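Just so you know, we're using the working numbering here: the sequence shown kicks off at 4 and counts up by one. To keep things clear, I will list the structure first and then write my remarks on it.
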Amino acid sequence: MLPQKAQQWIDERTGYKNFLHAIFLLNFPTKRRSRWQFIWGGALVLMMLVEMVTGALLMTVYSPSEASAWGSVHYIETQVDLGWFVRGLHHYTAHMMI
Numbered sequence: 004m005l006p007q008k009a010q011q012w013i014d015e016r017t018g019y020k021n022f023l024h025a026i027f028l029l030n031f032p033t034k035r036r037s038r039w040q041f042i043w044g045g046a047l048v049l050m051m052l053v054e055m056v057t058g059a060l061l062m063t064v065y066s067p068s069e070a071s072a073w074g075s076v077h078y079i080e081t082q083v084d085l086g087w088f089v090r091g092l093h094h095y096t097a098h099m100m101i
């Protein structure tokens, strides 16, 4: 950690403490109650993250060629540990996003 004088000197020239406060310590005042309509944005972001993670996991095993697509899906479903779960999660999350 920097000495106190060094921190003050850097803060006077850059204003990094205000920046860090604005980024990490925001306190949003709530003047009214939260509403259920406001959950959809967060839910969509969460579903998109689930899609990216499960898609990346499936991408390591899936083969999109015409000859081996069915075989790779069958392999994911039957041979890969929790492959059925990851594929199902990817499938149903995609449908929920629609």
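Where is the CB? At the ideal position from N, CA and C, for every residue including glycine. Keep in mind it's a predicted model, so treat the numbers as computed, not measured.
Residues near residue i by beta carbon distance below 6 Å, same chain, minus five either side
i: Gln40; result: none
Cβ-Cβ separation, residue j to residue i (assumed contact under 8 Å), whole Å
i: Val48; j: Thr96; result: The Cβ separation is near 12 Å, so there is no contact.
i: Thr57; j: Val89; result: 5 Å
i: Ile13; j: Tyr19; result: 6 Å
i: Met100; j: Met50; result: 5 Å
i: Leu61; j: His98; result: In fact, because the Cβ distance is near 16 Å, the residues do not count as touching under 8 Å.
Cβ shell of residue i (< 7 Å), same chain only, five flanking positions each side left out
i: Ala2; result: Because residue 2 is not part of the residues shown, which for the chain are 4 to 101, the question remains open.
i: Gly44; result: none
i: Trp87; result: Glu80
For the region 58 to 67 against the region 78 to 93, are there 3 or more C-beta pairs whose distance is under 8 Å?
yes
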